[in-house]
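Structure, as structure tokens:
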Amino acid sequence: MASLITCPHCGVRPKEEFTIRGDAGPVRPAPEAKFAAWDAYVHLRDNRRGRMAEHWQHSGGCRRWLVVERDTFTHEVHGVTDAADHARARAAKPAKARSSKAAKPATAAKTARKPGAGRGKA
Ligand SMILES: [Zn+2]
421 MASLITCPHC GVRPKEEFTI RGDAGPVRPA PEAKFAAWDA YVHLRDNRRG
471 RMAEHWQHSG GCRRWLVVER DTFTHEVHGV TDAADHARAR AAKPAKARSS
521 KAAKPATAAK TARKPGAGRG KA
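Following the numbering used here from start to finish, the sequence shown increments by one per residue and tops out at 542.
Okay, here's the thing in structure tokens:
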């Protein structure tokens, strides 16, 4: 079965029309931020197993950037939002609410892991 993404502008489309960028969690630091903050923003991304928000571009369609919330293990898509709308909604939330929400997917990923599924002994 083909994976389908519902673009808010174009409707239901096959995933092959999209280009994935990765974790949508990191927030762009202020221009005067220290090198470490910019280094982390540019180079460090989570690659969790489980539900997470990712940036996808509809490169074979409207070319808009989207935030796709999906399960990286089952590939089930839970929601798609235009990235500009997502950024406005995130900016409207207080920083404390953002940090508590950001912690939830990591916790969910840990609980979703099956015993013995790691890189340990087989
Ligand atoms: Zn589109």
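Glycine included, C-beta positions come from ideal geometry on N, C-alpha and C. Bear in mind that the values here come from a model prediction, so they are computed numbers and not experimental data.
At a cut-off of 4 residues, the continuous stretches assigned as alpha helix (DSSP H) that sit fully inside the region 450-494 are 455-463. Residue pairing by DSSP places Asp505 opposite no residue, since no beta bridge is assigned to it.
Burial state of Phe438 is buried, judged by a 10 Å Cβ sphere holding 16 or more other Cβ atoms.
Between ligand 1 and the CB of Gly470, the shortest heavy atom gap is not smaller than 7 Å.
Judged by beta-carbon spacing, His495 lies beyond the 8 Å limit of Arg441, meaning their Cβ atoms are not closer than that value. Within 10 angstroms of the beta-carbon of His478 lie 16 or more other beta-carbons, which makes it buried.
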